[in-house]
Every structure is written in C-alpha cells, then in structure tokens.
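Numbering follows UniProt numbering, with no gaps: position 339 of the sequence shown is 339.
For every residue, glycine included, the Cβ atom is placed at its ideal position computed from N, Cα and C.
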Amino acid sequence: MHPTVLGYLAGNVAVSTVAASFSTPQKTINPVKLDIPVTILADTNRDGHVDKLDTYGKHAWTTYHGAIFLPNIGDELHRCHVHDVVGTPLSNRELAACNDAAGDVLINSTLAAPVKTLPLADLSKNATARILVQPLSASEHVRLFWKHRNDDSSSDWAPVKPELLFNSTALSAGLTLAVDARHLVSDKAVWDGQVNIEFEVTDGMRSGSDFVAMRQAPVLLHHHLQSMDAVVTMQTEESKWQGAFVNSLRDAIHELAPAVTLLLLNSSRGIWAQDFMEPAFASMPGPHGPISIRVLLRSAQSSRSNGRLVFEKLRGAGVGGWQPGSGSGFGWEEINSGGNIETIPPYTSRSGVSYKNGRVVLGKHYDKYPAASLTKFLEAQREQTPLYLEAGWLVAGHVDEFVQFLPYNNTIGFRVAVPDTRSAMRILNRINETGHGAVPFLTYTGDITSDPWAIFADHDLPNKTVEMLLAEKDFANTNEYAQKFIDRNVELLREELPISDADVLRVPALWRDVTYDWVADPDGLPARLHHTIPGERQLQGFFPLAVNGLLLDQHYIAPKPFGPQVDGVDVFEREIRKVYTDAGLNVVFIDDYMSHHVRGGEVHCGTNSLRRTDIEWWKTS
C-alpha cells in the first residue's frame, strides 16, 4: 500500500476512537426494533435532500421511490498509472483496477450518496451503535463512510466497517454518512446492486434498529434525444487521409454546433472511434440537480488496443471506465465492436412494456451473439434490456450500418432511418432512362492509391457507368438480397415500436458482395471477421452510406456519396439531402471515401459521441 494511504488510515483510526471503537459483530441485525426509537435516512423521495420527508417508503426500493447511490469509479486526482515502475504498460486487468473507490479513502465525496441518522437523546454514556451494509456479502461491492469532522477533505471521512462501534457522543449529534460503490453491477447473479443500510443501537438492556433500502444507479447508454457535449475522433499515422477527414469534421461541427467540443485522440492503433468504447452514464438526485458520472464501456475485445484509451486517456475526474470480464470478449471480433451497439430513445412497446430510458439494440450474426460479458452487463442494469436485430448479412455486421434513430416531432418523439435499395435503384434507372446512363457512377476525383488497410477499395469502380451497373445481374441480385434483411429488421422494429410506415425514413443505399474466406488469425485469437453461414453472403456499402453519419441535435453530418452527376448535380446527394431535410434535419456532407469508406466504415464509425449525463433517469415521465 502507498505510504500516504497507510498514513491516512492510521490517522483515521486515531481520530475515530474519540467517538467510536472497534468490536467484532456478534450477529446479523434484526431490523426495525423500537425499544429505542432510532432513525436512519437516505434520499428515498429523490428530491436531492435527506430529511424527515424521506421516512415514507424507505424500507423498500421501487421504481417510484428509493435512495440511489453511484459507482465512484472516476480518477479525481489523476493518480491512476498506465505503466509500472519500470515503464512497462499495465495489463488490461491492472489498468482497469484503479479508480477512486479501489481503496478505503473517500477521494470524491460529491459522488457519494448522503445518509444520516437522527440525533438520539436520553442515552447513557455506555450506549453504542453499529452501521452495517446488508447483506454482509455486499460489503465487497459497497463502501460506507462516516464524516467525523466538519470539513470535506478525504481525511474527514472514516470508512465504516462492521467492527466499528459509535459511542453516545456521536449518536447524540447524529451521524453523517456516505455510500458509494466500488465498481459497476456487471452480472446480477453475482451482485444486483441492492443493499440495506442498517443502524443498530444498544444501551444496556434497551436496543433499537432501523434500515433504509438503497440501490446502485444503473449504467445507461445514451440515445439521440440527449444533447451532445463532445465528438470524439482519432488522429493517426495509419492513414494519410485521416488528417483531411478530421479537418472536415472540425469545420462541420464548428458550423453546425459551435458549443460542441471536438476531442481528438492521438493513436497509432486505428481510426474507428465508434468501436472501442460505448459512452454511458450513471446519475442520482442532488440538491442542485442530478449528480452524475460518465462511464465509458470498453468494447468486449481484449486484444483491441485502442480500448485501453478508455483508461489511458479518458478516465479522470467524473469519468470512469468499465473493463469487460475475462470470461468472454477474447480477441477482437467485430460483433463486439461499439458500432454494433445502438440505443432506441424512450418508448412504450406495443406489448405495453415501458422503456423510459430507451432500449439497447445489438446485432446478432445468425446464431452468434455478442459477448456474454456485455449482454450480462446490460441485463444487470434492468433498464435497457437488449433487442437483437440481424446484422450477419454485413461483412462487419454492425447495427449502425443499417439503422439509426432521429429526433422528430411525432407521438413517439423519433423516427427510424434505414438504408433503402429500392429508391437507389429507381434513381439509377431514372438516370439511365433520361439519357444519362453513360455517366460514371463514382465521381470521386481524389487520390485512390490504396494501402494495406483499404481492403474494400474497388479500383474498377471509377470505370463503371450507370448503364453498366444496371446491366450486371449480380448487382441487382446483391441489392435485392440486402433489402430482404433490411425489410426483416424494419418489420421487427415495427412489431416492437408503436410506429407506422410513415415513421420509417428510407435513405437511398446500394451494396456489393464481398463474401470470401477470411484468413485465420495466425496468433490463435478468434477471427476478427467470420465466415458467413452456408448459403448467405456478406455485404459492404457500394458507395458511402448516409445512414452511417453523425447526428448533432437537429443537424446531421453525412458521408458524401460521390454518386453519378447529372447537369453538375450529384443525384444521390440531392435525394439523400431531401430525405433528411424532410425529417427536420440540416445536412452537411463530408468526404470519408478514402479515410473510412474503403476501410469498411463511414462517418459514424469514425466518431463517437459524449452526451450530457445530468439525466433524471428515475423519473417515470
């Protein structure tokens, strides 16, 4: 243990013995004994204050009332290291182990939920009391502190262990306590986040006890109806085109949403900002509004080194990270990327189930599902139970390639956008029928010199005209195949969501077949991309797909399609703009053709969004 930590603990014990001593507990408390009328309170009514109004309903935690506490997993003082003493990078497990709640020091009391006992009169000088976390097994997950001085530094908060006995002096003044969690609820079979904080007083032959029910705040994934704080993207030497993409993105954000920050992460490890983490949050009521912590969920891809950025660069004051368990998510499988995680905004399903904080959408690949470490984590939060869509028809297989949820002034508050090959084929046929079939399909005029990571670059495409594509039977068959899966997913969404066909935006898109045998990983890790099942294909966007863009409130940054031009106008860009404009969005197109498209993604894949965390998730309307 660090010397300063040892010194702190020693000082705490010495000070605490003025009003407390230590003794081994003899039994588990039988709560609510009233020989001595004792009261312990937390913010049961969720108004941000702890007072006598919190008495009602405090013994049971429900959807409508019950005190909430947070995982205190940030790094307030930036004390967590990323290398050991000889400069070797820490392992994934070591990297994630450090946070403000890793020890028994309350580094950030702001994120600890207040609890207090009411002052007791008429006690003898021999009266003692004990505060316990029940069940006792929860003590490894939850921390309890007593404020024994009036300042608010870490040294003023003493850890409360089962052995600690409070004396009559402390009890007559009332105890000021604080509760937080050491880590996230990741598997409800191991820990469900619910505790009782019990208060037992003994004074000779008299005794009394009381308790208050509390629950750890769920970690909630963001949805598109929540306001943006920052956009994250990567700066890397891996691609000479990334710098131009970053500049275009910066200009677009400055034009559309100048209050939004662009957070640039320097990394030699890749360009896919969307895929190595999923931003989330946890919050509780506070006296001046919600108190929250940003939680960055590392993707369940143990060998994806960019995932370490969650802890190396982003963890800090008010920001914590989550490392998936080692039991699943081994290697770097695309099904476990952050791009395969989306969130439906709040709704009530057709079957009457309320998802007042939205619902997570994950992509499955036929009979293969995302890592159990992620799915168990999401289920353990009990708020956003995943809905599965079929993504196995795509080579990367991410849901952000074919579905997005856009704010809209209708009864449900949003619309669903999906790629649509039918409208795209109509556009091509119209171009051909009006005498422009000889125009090139691709109008990208930049440098198309490939590199090892531009694995989806099609060097024949610049030579193909609209009429040539329409004459290719496999081109039509491939897009009919894609539409079949898109339609199935739309049907599933319409069975779940109270939406009509008018609430589904169909954005022109085309696909190409890139099915082939992916080479096995020579290091023995699971393949990043898998063979499809017999009889099925794996597709990739034929041109930059607009659905894979970045939403900034009422603005939308879309990948520039570089489609066929008629009379100097990119016909696909015009039609795509019309779809989003009719949905109430202002659209700006940026070039991601060589930076992302030929590498298997688009604007959304190359960015991530940090949204506001001061959300009152506990409110029912």
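| Asked | Found |
| --- | --- |
| For G208, count neighbouring Cβ atoms within 10 angstroms of its own Cβ and tell me buried if that reaches 16, exposed if not. | buried |
| Below 7 Å between beta carbons: does that hold for residue 622 and S267? | Outside the modelled stretch of the chain, which goes from 1 to 621, sits residue 622, for which no answer is possible. |
| Could you tell me the boundaries of the beta strand (DSSP E) in which E278 lies? | M277 to M284 |
| By alpha-carbon positions, which one of Q226, T434 and P544 ends up nearest to E602? | P544 |
| With a Cβ-Cβ cutoff of 7 Å, do R512 and D420 count as a contact? | no |
| Per DSSP, R506 is paired with what? | V418 |
| Verify whether the separation of the beta carbon atoms of V231 and I253 is less than 7 Å. | yes |
| If we ignore side chains and look at the alpha-carbon of each, how far apart do S248 and R304 end up? | 27 Å |
| From V295, G289 and K116, pick the residue whose C-alpha is nearest to that of A96; which is it? | V295 |
| Along the chain, where does the alpha helix (DSSP H) containing G541 start, and where does it finish? | Where G541 is concerned, there is no enclosing alpha helix (DSSP H), although the beta strand (DSSP E) it sits in stretches over L539 to G541. |
| Find out if the Cβ-Cβ distance for the pair A67, D43 is shorter than 7 Å. | yes |
| Identify whether R494 lies in helix, strand or coil by the three-state DSSP scheme. | helix |
| Take the Cβ of T613 as the centre, count every other Cβ of all protein chains shown within 10 Å, and call the residue buried at 16 or more, exposed below. | buried |
| Roughly how far, in whole angstroms, is the beta-carbon of V416 from the beta-carbon of F402, given that I think they are within contact range, below 8 Å? | Rounded, the Cβ-Cβ distance is 11 Å, inconsistent with contact. |
| DSSP state of E163, grouped into three classes? | coil |
| Could you check whether V115 and V160 sit closer than 7 Å to each other, using their CB atoms as the reference points? | no |
| Compare the C-alpha of P440 against each of N463, E278 and A471 and name the closest. | N463 |
| Would you give the residue range spanned by the alpha helix (DSSP H) that E467 belongs to? | V466 to A471 |
| Buried or exposed, going by whether 16 or more other CB atoms sit within 10 Å of the CB of G352? | exposed |
| Are three or more beta carbon pairs between the region 381 to 397 and the region 431 to 449 nearer than 8 Å? | no |
| Consider the Cβ of A424: report whether some Cβ of chain B lies at a distance smaller than 7 Å. | Absent from the structure is chain B; it holds one protein chain and no more. |
| Would residue 622 be called buried (16 or more neighbouring beta carbons within 10 Å of its own) or exposed? | The structure shown does not extend to residue 622, since the chain is modelled only from 1 through 621, so no value can be given for it. |
| Determine the direct distance from the alpha carbon of H141 to that of P25, and round the result to whole angstroms. | Any answer about P25 is weak, because its pLDDT of 40 lies below 50 and its placement is not dependable; what the coordinates show is given next. One C-alpha to the other measures close to 19 Å. |
| Indicate whether H459 and G549 have their beta-carbon atoms separated by less than 7 Å. | no |
| In whole angstroms, what is the alpha-carbon distance linking R350 and P498? | 6 Å |
| When DSSP labels each residue in this structure, what does K147 get in the three-state scheme? | strand |
| Confirm, please, whether the CB-CB distance from L171 to L221 is below 7 Å. | no |
| Using C-beta distances below 7 Å, list every residue in its chain close to F145, excluding the 5 sequence neighbours before and after it, in chain order. | L106, A112, W157, A158, P159, V160, L177 and A178 |
| Please go through the same chain and pick out, in chain order, the residues whose beta-carbon is closer than 6 Å to the beta-carbon of H223, but skip the five residues on each side of it. | T343, P345 and G358 |
| Counting beta carbon pairs with one atom in the region 189 to 202 and one in the region 582 to 601, are three or more of them shorter than 8 Å? | no |
| Quick check on the burial criterion: 16 or more other C-beta atoms within 10 angstroms. Buried or exposed for L136? | exposed |
| How close, in whole Å, do the beta carbons of A300 and S373 come, if the pair is a contact with beta carbons under 8 Å? | 5 Å |
| Can you tell which of Y516, A371, L539 and E575 has its C-alpha closest to the C-alpha of E480? | L539 |
| How would you write the range of the beta strand (DSSP E) that T613 sits in, first residue to last? | Looking at the DSSP string, T613 is not in any beta strand (DSSP E), and its letter there is neither H nor E. |
| Which ranges would you report for the alpha helix (DSSP H) in the region 229 to 261 if only whole runs of at least 4 residues count? | 242 to 256 |
| Going by C-alpha distance, which of T128, L175, A127 and P258 is nearest residue 622? | Outside the displayed span of the chain (1 to 621) sits residue 622, for which this structure offers no information. |
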